[in-house]
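Below is one structure; the comments refer to it alone.
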Amino acid sequence: PQARAALLPHLDLQGSVERLQDVYDGSPEFIRTQQTYSLQLVQPLYLREARKALARADALVAQAEARYQAARQGLILRLAEAYLGVLRARAQLAFVEADRKATQRQLEQARQRFKVGMVAVTDVEEAKAARDRVEAERVLAENALASAREALQELTGRPPGTLEELGPALPLVRPDPADVERWVRSALEQNFEVLAQAQALRAAREEVERRRSGHYPTLSLVANDTYIDRKFNFGSGRVFPLRGQNRSLALQLQLPLYSGGAVSAGVREALHRQRQAEEELERVRRQVTRQTRDAYRGVEASLRRVKALEQALRSARTALEATQAGFEVGTRTTVDVLQAQRNLFRARRDLADARYDYVINLLRLQQAAGSLDEAGLRRVAGWFVPPSQGGEKK
């Protein structure tokens, strides 16, 4: 860093040319010319302020690196969320489309049955209302999908092509280790936001010491080598040259006595900034602790929700088959069938959402613990398959 330069040798070369001409009444003209070249080397031996500035610069570099890694992980997570956002919107549109087709078929069946007197006109109107409702939902689903694709394109810089879906063989396992407190400890030690703020506090402490260095002496080694070439002309036409070289080696000690209170005021300012950094670090630690616990609970809840919704999907499919059979023999109405179909579509959608939630919460947990990277993202990418192979088991 630039702060290191203050501790390294400084080498300066200076040169000057002078011409002095004196003219007095009744006296011959006097002319003197002089050329001077000086080479100076200064090596700081004790410069506490520069050393503390270097330590502060090292802390700021470490802070910048940690913030870069935090931003990198944040981008990975936002990309995953945007990708799954498109899949959510696409799945919602597919389920609404399936609902629309089912309600349209049910409307056609209701009209045919009404013509032969098997159902009342209210069944036809209820089927029409259900179809119109689904048409409105379809408009919303199409708009949501377009918005989700735009959000993904904003991150990638290219229009989304054919996106892969979560495969049926998604490994639904508990976090390893299965102990939230161990995840919290790992997050407090490795989370890049925590590390960045810890380095900010370190930089603030070094700044306090740098300001205090205004009361400390400085010691430097100074070496000079000066060459002088003089020429004197007293007006007689003769020139008298005089050449010489001066070399010196010295220790230069500087002890500050009073600076008008500037040093003390600077120390007080730096102490307040240090206190601010301490409070900010505590805030970040609490925030990361909460985020880690939330992500861990999210993974656990997603696991339980997926298992429950898989059972709900099987139950909804069985209920629809039973309701359709009852409708054929006249024991169930069109409304019953439409509701059973909607329950099935809702169960499929909710199951897909729960699977997506599991993936996102797992990535959030890894981000909180500071372990989210491209390798982890590639492992998650292995859970996806082409659209023709995706979806839940029928």
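Under this note's numbering, residue 782 is the last one in the sequence shown; the count climbs by one each step, no gaps. The beta carbon of each residue, even a glycine, is placed where N, CA and C say it ideally should be.
> By DSSP, does K781 sit in helix, in strand, or in coil?
Replying inline: Along the sequence shown, one-based indexing puts residue 781 at 393. Bear in mind that a pLDDT of 45 at K781, under 50, signals an unreliable position, so the model cannot answer this.
> What's the call for E514, buried or exposed, on a 16-neighbour Cβ count within 10 Å?
Replying inline: Counting from one through the sequence shown, the residue named residue 514 turns up at place 126. E514 should be labelled buried.
>> Helix, strand or coil for Y684? Go by DSSP, reduced to three states.
In response: Within the sequence shown, residue 684 is the residue found at index 296, counting from 1. Taken through DSSP and simplified to helix, strand or coil, Y684 comes out as helix.
> By how many angstroms is the C-alpha of N531 removed from the C-alpha of R743?
Replying inline: Start at 1 with the first residue of the sequence shown, and residue 743 comes out as number 355. Start at 1 with the first residue of the sequence shown, and residue 531 comes out as number 143. Taking the straight line joining both Cα atoms gives about 23 Å.
> Exposed or buried, K440, counting other C-beta atoms within 10 Å across all chains shown (16 or more means buried)?
Replying inline: Indexing the sequence shown from 1 puts residue 440 at position 52. With a 10 Å radius around the Cβ and a threshold of 16 neighbouring Cβ atoms, K440 comes out buried.
> Between the stretch 591-602 and the stretch 416-429, do three or more beta carbon pairs fall short of 8 Å?
Replying inline: Judged by Cβ distances under 8 Å, the stretch 591-602 makes no contact with the stretch 416-429, as fewer than three pairs qualify.
> F715 to R493, Cα distance in whole Å?
Replying inline: The residue you call residue 715 lines up with position 327 of the sequence shown. The residue you call residue 493 lines up with position 105 of the sequence shown. One C-alpha to the other measures close to 14 Å.
> The beta strand (DSSP E) spanning T424 covers which residue range?
Replying inline: Indexing the sequence shown from 1 puts residue 424 at position 36. Per DSSP, T424 belongs to the beta strand (DSSP E) from 418-434.
>> Just to confirm, is the Cβ distance from F772 to D487 under 7 Å?
In response: In the sequence shown, the residue the question calls residue 772 occupies position 384. In the sequence shown, the residue the question calls residue 487 occupies position 99. No, the Cβ-Cβ distance between F772 and D487 is not below 7 Å.
> Going by DSSP, what residues sit across from P629 in a beta bridge?
Replying inline: As a first step, residue 629 is located in the sequence shown; it is residue number 241 there, counting from the start. DSSP output for P629 lists K619 as bridge partner(s).
> With DSSP run on the structure shown, which of helix, strand or coil describes P647?
Replying inline: Stepping through the sequence shown from its first residue, residue 647 is reached at position 259. The residue asked about is misnamed: residue 647 is Ser in this sequence, not Pro. Three-state DSSP puts S647 in coil, outside helix and strand.
> Are the Cβ atoms of A468 and A757 separated by less than 7 Å?
Replying inline: Here residue 468 refers to the residue found at position 80 of the sequence shown. Here residue 757 refers to the residue found at position 369 of the sequence shown. No, they are not a contact pair.
> Can you round the beta-carbon distance between A438 and A394 to whole angstroms, since I take them to be within the 8 Å contact cut?
Replying inline: In the sequence shown, counting from the first residue as 1, residue 438 sits at position 50. In the sequence shown, counting from the first residue as 1, residue 394 sits at position 6. With a Cβ gap of about 4 Å, A438 and A394 count as contacting.
> Whose C-alpha, out of V672, Q480, R766, L399, is nearest the C-alpha of A534?
Replying inline: Along the sequence shown, read from residue 1 onward, the residue named residue 534 stands at position 146. Of the candidates V672, Q480, R766, L399, the one whose C-alpha sits nearest the C-alpha of A534 is Q480.
> So who's on the other strand from R407, going by DSSP bridges?
Replying inline: Against the sequence shown, residue 407 aligns to sequence position 19. Under DSSP, R407 forms a beta bridge with T421.
> Do you know offhand how far V723's Cα is from Q699's?
Replying inline: What you label residue 723 is simply residue 335 of the sequence shown in a count that begins at 1. What you label residue 699 is simply residue 311 of the sequence shown in a count that begins at 1. Rounded to the nearest angstrom, the two C-alpha atoms are 24 Å apart.
> Using DSSP with H/G/I as helix, E/B as strand and the rest coil, what is K530?
Replying inline: Reading the sequence shown from its first residue, position 142 is the one you call residue 530. Looking at the sequence itself, residue 530 is Glu, so the reference to Lys does not match. Correct three-state label for E530: helix.
> So V572 packs on R526, CB below 8 Å; how close in whole Å?
Replying inline: As a position in the sequence shown, residue 572 is number 184, starting the count at 1. As a position in the sequence shown, residue 526 is number 138, starting the count at 1. About 44 Å separates the two Cβ atoms, so there is no contact after all.
>> Distance check for E523 and F502, CA to CA, integer angstroms please.
In response: Taking the sequence shown and counting its residues from 1, one reaches residue 502 at position 114. Taking the sequence shown and counting its residues from 1, one reaches residue 523 at position 135. Roughly 23 Å separates the two Cα atoms.
> How is E496 classed by DSSP in three states: helix, strand or coil?
Replying inline: Here residue 496 corresponds to residue number 108 of the sequence shown, with the count starting at 1. In this structure, E496 counts as helix in the three-state DSSP scheme.
> In angstroms, rounded to a whole number, what distance separates the CA positions of G555 and V672?
Replying inline: Residue mapping note: residue 555 aligns to position 167 of the sequence shown, counting from 1. Residue mapping note: residue 672 aligns to position 284 of the sequence shown, counting from 1. If you take the alpha carbons of G555 and V672, they lie about 36 Å apart.
> Can the beta-carbon of V687 be found less than 7 Å from the beta-carbon of V582?
Replying inline: Taking the first residue of the sequence shown as 1, we reach residue 687 at position 299. Taking the first residue of the sequence shown as 1, we reach residue 582 at position 194. Result no, Cβ atoms of V687 and V582 do not sit closer than 7 Å.
> Smallest Cα separation from A586: which of P397, G545, L448?
Replying inline: The count along the sequence shown starts at 1 and reaches residue 586 at position 198. Answer by Cα proximity: L448.
>> Quick check on the burial criterion: 16 or more other C-beta atoms within 10 angstroms. Buried or exposed for Y434?
In response: For the purposes of this step, residue 434 is taken as residue 46 along the sequence shown, with counting starting at 1. The residue in question, Y434, is exposed, as its Cβ has fewer than 16 Cβ neighbours within 10 Å.
> L408 to A592, Cα distance in whole Å?
Replying inline: Here residue 408 refers to the residue found at position 20 of the sequence shown. Here residue 592 refers to the residue found at position 204 of the sequence shown. Roughly 55 Å between the two C-alpha positions.
>> Within the continuous alpha helix (DSSP H) that includes Y744, where are the two ends?
In response: Indexing the sequence shown from 1 puts residue 744 at position 356. Where Y744 is concerned, the enclosing alpha helix (DSSP H) stretches over 722-756.
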